[in-house]
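S.K.: The structure under discussion is supplied below as structure tokens; questions concerning it will follow.
2 protein chains.
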Amino acid sequence: MTKVKDIGEQGLLERLQRFCPPDVIGDDAAVLVTDPEQSLVVTTDMLVDGVHFSNATTSPEDAGWRAAAANLSDLAAMGATPLGITVALGLPGDLSVNWVESLYQGMTECLQQYHTPIVGGDVVRSPITSLSITAFGQVHPNRIIRRGAAQVGDAIVVTGVHGASHAGLKLLLDPQIGKHLTTTEQAALIKAHQRPQPRLDVLPHLWKILDNSKFKIQNSKLRINNSPSPQSPVPSPQSLTPVAGMDSSDGLADAVLQICRASGVGAVLESSQIPLPTAFDHWLTSEQALNYALYGGEDFELVLCLPPEAAKTLVQQLGQDAAIIGSITSDTKVLLHHQNQKIPDQVLNLSQGFQHFSP
Amino acid sequence: MTKVKDIGEQGLLERLQRFCPPDVIGDDAAVLVTDPEQSLVVTTDMLVDGVHFSNATTSPEDAGWRAAAANLSDLAAMGATPLGITVALGLPGDLSVNWVESLYQGMTECLQQYHTPIVGGDVVRSPITSLSITAFGQVHPNRIIRRGAAQVGDAIVVTGVHGASHAGLKLLLDPQIGKHLTTTEQAALIKAHQRPQPRLDVLPHLWKILDNSKFKIQNSKLRINNSPSPQSPVPSPQSLTPVAGMDSSDGLADAVLQICRASGVGAVLESSQIPLPTAFDHWLTSEQALNYALYGGEDFELVLCLPPEAAKTLVQQLGQDAAIIGSITSDTKVLLHHQNQKIPDQVLNLSQGFQHFSP
């Protein structure tokens with residue numbers, strides 16, 4: 125008898141995909157065309173006490189904030205504006221009501237920034253605390269950001285620094301390791317872990333840039349050979365969004381690899397261009413810093429692939445820590461290039477991980 | 125420190141409502157106005173192994189069917205057509221993959237009847253098996269069926285028999301008690317428990333009847349003093365749906381009481397009119413039969429309040445076991461009248477329950 129642990133959560137999800145229509149899954153969220161002008165975007169997450177959050181490192185307010193942020197980030201990664209979330213809770217009878225209210229307080233604080241209501245929920249008895257959030261949003265069908273739409277020649281943009289959330293978690297687990305950091309630096313890294321910001325603010329900039337006819341025309345040429353799923357309505361090439369992307373919740377390396385796999389392309393990343401927290405400079409070796417940035421996860425930034433001119437404009441408009449970190453190639457590999465170091469390019473690979481990084 | 129068990133799940137839900145906008149909660153599902161022509165309806169449920177399902181009485185296929193049916197029933201109770209569901213699973217590593225696939229098989233079998241896809245999900249590690257489903261559907265804003273819209277004089281319609289699901293559960297727990305029933309009768313009651321049908325089929329009949337101008341005019345007179353939530357757009361009186369309702373998932377008594385509380389009205393039910401499974405006639409006392417019907421729950425029929433003429437037409441069209449079981453009164457109590465028995469009317473009350481029923 126095959127058990128869940130024998131094939132893992134990812135293996136099980138793959139087996140269960142045969143119960144789902146092939147054209148709505150495999151992205152940060154599902155897209156349902158309900159209307160010619162608006163598609164419904166839906167994403168769901170379950171979080172279990174001791175697995176995804178723990179009172180040791182996470183207050184109930186922060187657990188709530190992080191859960192809400194993760195779901196809003198999935199919507200942002202699809203280009204969607206949030207409409208609301210539902211919250212289902214499984215709770216042991218001995219849990220304090222105050223804990224639950226604090227969890228809701230944290231969720232609400234995150235959601236209110238984006239005028240997103242909690243529109244419903246369920247509370248049930250359970251031997252273990254667990255939390256399931258479903259977020260839904262809407263997007264014009266021509267503005268859906270899909271993983272599988274990256275084009276050879278696209279620039280790869282990240283909307284902010286990577287590695288901060290992982291560093292914050294490390295500091296919470298072992299404050300000792302931060303003794304060479306200033307209090308401000310420590311607080312900033314810990315905040316990056318406890319209160320990540322979904323990057324919904326990026327979308328208006330992106331649409332404004334892409335509505336510029338220059339990029340539209342450029343894109344219509346690139347996209348004409350694309351083959352959308354046969355079950356989806358086929359938009360005219362001019363109307364397709366010239367942007368692919370996802371969020372970096374599972375790490376920057378994962379995001380680039382997933383986009384490349386879904387798009388049937390490769391990428392070259394320039395290690396020196398990956399934006400890192402400034403505190404890393406005098407704290408971590410460059411190898412550690414890159415490990416945190418590529419594999420740490422939970423930074424909840426967007427990783428976007430778009431035509432180079434549009435990418436430059438986007439990075440300028442976002443300012444701060446947004447950067448072009450590489451480009452999409454016709455290869456099938458994702459290479460990490462080290463401009464300033466005398467080490468060869470490395471092939472990024474999730475199963476192999478970054479442990480093999482050595483000069 | 126107040127604990128969850130001190131105030132119960134319902135008490136906690138009430139406390140958490142302050143985090144939600146007041147105009148979207150308190151019904152079978154939340155309604156979000158996304159468009160003048162379509163509202164989005166969302167409902168969510170969490171089910172926990174040992175609390176809501178158990179391998180003792182429920183195969184994984186049946187657990188999946190029931191979970192899907194309960195969510196589709198909530199959509200039907202709002203007048204909404206389903207668009208899709210998401211499924212989040214918490215699973216122990218030792219669970220068999222086959223169990224999970226069977227759960228999905230059962231969900232899919234129920235959903236396929238209504239062309240409803242599973243559009244996304246999450247699978248996570250958890251010490252206990254749990255399942256969270258979020259279903260979403262759409263409805264024209266003028267056709268939303270709300271609990272709080274019952275009017276004095278409305279007839280109360282149930283779309284089918286009550287008590288069958290509870291009887292089926294009893295038979296599964298103790299097959300001995302069914303020895304006076306035929307195999308067919310036993311199988312029918314068990315099926316009612318294991319494979320309940322959400323009554324989405326009722327909606328087209330309902331709209332056809334209510335689109336008849338006779339009922340529309342009648343309703344515009346009744347509804348003119350209604351005060352919709354100040355945050356919702358106010359439809360013209362002619363366009364309001366002359367129907368209130370919810371599903372009977374928590375029992376028929378609960379449904380009528382909830383509708384009356386939300387509408388600020390009362391009701392008189394005629395006990396002899398409540399449709400019961402025919403097997404009850406030679407199996408249960410009339411007291412037991414009424415107890416099962418009123419308090420058993422999980423029959424997933426619709427309880428609808430609408431003008432008497434429209435109600436008669438609906439019952440005729442639905443045929444089978446649909447019936448008018450009473451009417452809405454200007455009282456605030458829900459009375460159970462016993463036409464054929466020499467016992468006084470009883471006041472239905474959830475906290476008191478039906479144990480006090482005695483001649």
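First to last, the sequence lines map onto chains A and B.
Heads up, the first sequence is in the numbering used here, so the first residue is 125 and it goes up one at a time.
Heads up, the second sequence is in the numbering used here, so the first residue is 125 and it goes up one at a time.
For glycine and all other residues, C-beta sits at the position ideal for the given N, C-alpha and C.
Being a predicted model, the structure only gives us computed values, none of them experimental.
May I ask you to report which of helix, strand or coil DSSP gives residue 328/B?
M.R.: Residue state, collapsed to three classes: helix.
S.K.: At least one CB of chain A closer than 8 Å to the CB of residue 202/B: is that the case?
M.R.: By this cut-off, residue 202/B is not an interface position.
S.K.: CA-CA distance, residue 141/B and residue 246/A?
M.R.: Distance between the alpha carbons of residue 141/B and residue 246/A: 11 Å.
S.K.: Does the beta carbon of residue 172/B come closer than 8 Å to any beta carbon on chain A?
M.R.: Yes - at least one Cβ of chain A is within 8 Å of the one on residue 172/B.
S.K.: So is residue 388/A buried or exposed if we call it buried at 16+ other beta carbons inside 10 Å?
M.R.: With fewer than 16 other Cβ atoms within 10 Å, it is exposed.
S.K.: When we look at the beta-carbon of residue 230/B and count the other beta-carbons within 10 Å, is it buried (16 or more) or exposed?
M.R.: Buried.
S.K.: Using the Cα positions of residue 175/B and residue 217/A, report the straight-line distance between them to the nearest angstrom.
M.R.: Straight-line Cα distance between these residues: approximately 13 Å.
S.K.: Extract the residue ranges of the alpha helix (DSSP H) inside the region 225-305 of chain B, only unbroken runs of 4 or more that lie entirely within it.
M.R.: If we require 4 residues or more, the alpha helix (DSSP H) runs fully inside the region 225-305 of chain B come out as 288-297.
S.K.: Between 249/B, 366/B, 147/B and 279/B, which has its C-alpha nearest residue 243/A's C-alpha?
M.R.: Minimum Cα distance to residue 243/A is reached at 147/B.
S.K.: Using DSSP's beta-bridge definition, name the partner residues of residue 208/A.
M.R.: Paired residues: 260/A.
S.K.: Can you say whether residue 454/B is buried or exposed, counting buried as having 16 or more other CB atoms within 10 angstroms of its CB?
M.R.: Residue 454/B should be labelled exposed.
S.K.: Smallest Cα separation from residue 419/A: which of 252/A, 472/A and 234/A?
M.R.: Per the Cα distances, 472/A.
S.K.: From residue 400/B to residue 202/B, what does the alpha carbon distance come to, in whole angstroms?
M.R.: Each residue's alpha carbon lies about 25 Å from the other.
S.K.: Can you list the residues of chain A that residue 222/B reaches, using a CB-CB cut of under 8 Å?
M.R.: Within chain A, the residues near residue 222/B are 125 and 126.
S.K.: For residue 72/B, decide whether its Cβ has a neighbour in chain A, counting only Cβ atoms nearer than 8 Å.
M.R.: This structure gives no information on residue 72/B, because the portion of chain B shown stretches from 125 to 483.
S.K.: Quick one: which residues of the region 243-264 of chain B get their C-beta closer than 7 Å to a C-beta of chain A? List them in chain order.
M.R.: Going along the region 243-264 of chain B in chain order, one finds 243, 244, 245, 246, 247, 248, 249, 250, 251, 252, 254, 256, 258, 260 and 262 with a Cβ nearer than 7 Å to chain A.
S.K.: Using a C-beta cutoff of 8 Å, does residue 448/A count as contacting chain B?
M.R.: So, not an interface residue.
S.K.: Restricting to runs no shorter than 4 residues, where is the alpha helix (DSSP H) found entirely within the region 145-216 of chain A?
M.R.: Entirely contained in the region 145-216 of chain A, the alpha helix (DSSP H) runs reaching 4 residues are, in chain order, 184-201.
S.K.: Let me know if residue 170/B comes out buried or exposed under the rule of 16 or more other beta-carbons within 10 Å of its beta-carbon.
M.R.: So residue 170/B ends up on the buried side.
S.K.: Pick out whichever of 392/B, 317/B, 429/B and 321/B has its Cα sitting closest to the Cα of residue 370/B.
M.R.: Per the Cα distances, 429/B.
S.K.: Determine the burial state of residue 256/B: buried for a count of at least 16 other Cβ atoms within 10 Å of its Cβ, exposed for fewer.
M.R.: Flag for residue 256/B reads buried.
S.K.: Secondary structure at residue 333/B, three-state DSSP: helix, strand or coil?
M.R.: Of the three classes helix, strand and coil, the one that applies to residue 333/B here is helix, per DSSP.
S.K.: Using a Cβ cut-off of 8 Å (strictly closer), state whether residue 416/B contacts chain A.
M.R.: No, its Cβ sits nowhere closer than 8 Å to a Cβ of chain A.
S.K.: Should the region 187-202 of chain B be called in touch with the region 316-324 of chain B, which here means at least 3 C-beta pairs below 8 Å?
M.R.: The region 187-202 of chain B is in contact with the region 316-324 of chain B.
S.K.: To the nearest whole angstrom, what separates the beta carbons of residue 423/A and residue 226/A, a pair I think is in contact under 8 Å?
M.R.: Not quite, the Cβ-Cβ distance comes to about 25 Å (not below 8 Å), so this is no contact.
S.K.: Going by the beta-carbon positions, is the gap between residue 224/B and residue 446/B smaller than 8 Å?
M.R.: No. Outside cutoff.
S.K.: At least one CB of chain A closer than 8 Å to the CB of residue 159/B: is that the case?
M.R.: For residue 159/B, the answer is yes, since a Cβ of chain A falls inside 8 Å of its Cβ.
S.K.: Unbroken alpha helix (DSSP H) runs of length 4 or more, entirely within the region 376-428 of chain B: which are they?
M.R.: List check, alpha helix (DSSP H) in window: 376-387 and 410-419.
S.K.: Cutting at 6 Å between CB atoms, please list the residues of its own chain near residue 100/B, excluding the five before and the five after it.
M.R.: Lying before the first or after the last residue shown, residue 100/B is absent from chain B, which here runs from 125 to 483.
S.K.: So, at 6 Å on beta carbons, what are the nonlocal neighbours of residue 379/B in its own chain, with the 5 sequence-adjacent residues on each side left out?
M.R.: Result list for residue 379/B: 370, 372 and 427, in chain order.
S.K.: Going along chain A, which residues have a C-beta under 8 Å from residue 218/B?
M.R.: Residues of chain A passing the Cβ test: 127, 128 and 129.
S.K.: Comparing C-alpha positions only, which one of 402/B, 474/B and 220/B sits nearest to residue 130/A?
M.R.: It is 220/B whose Cα lies nearest to the Cα of residue 130/A.
S.K.: Kindly list, in the order they appear in chain B, the residues whose Cβ is closer than 9 Å to that of residue 169/A.
M.R.: Per Cβ cutoff of 9 Å: 212, 246 and 248.
S.K.: Using a Cβ cut-off of 9 Å, which residues of the region 306-330 of chain B contact any Cβ in chain A, in chain order?
M.R.: From the region 306-330 of chain B, no residue has a Cβ closer than 9 Å to chain A.
S.K.: May I have the straight-line CA-CA distance separating residue 301/B from residue 285/B, to the nearest angstrom?
M.R.: Going by the C-alpha atoms only, they are around 21 Å apart.
S.K.: Would you verify that the beta carbon of residue 154/A is, or is not, closer than 8 Å to some beta carbon of chain B?
M.R.: Interface residue, yes.
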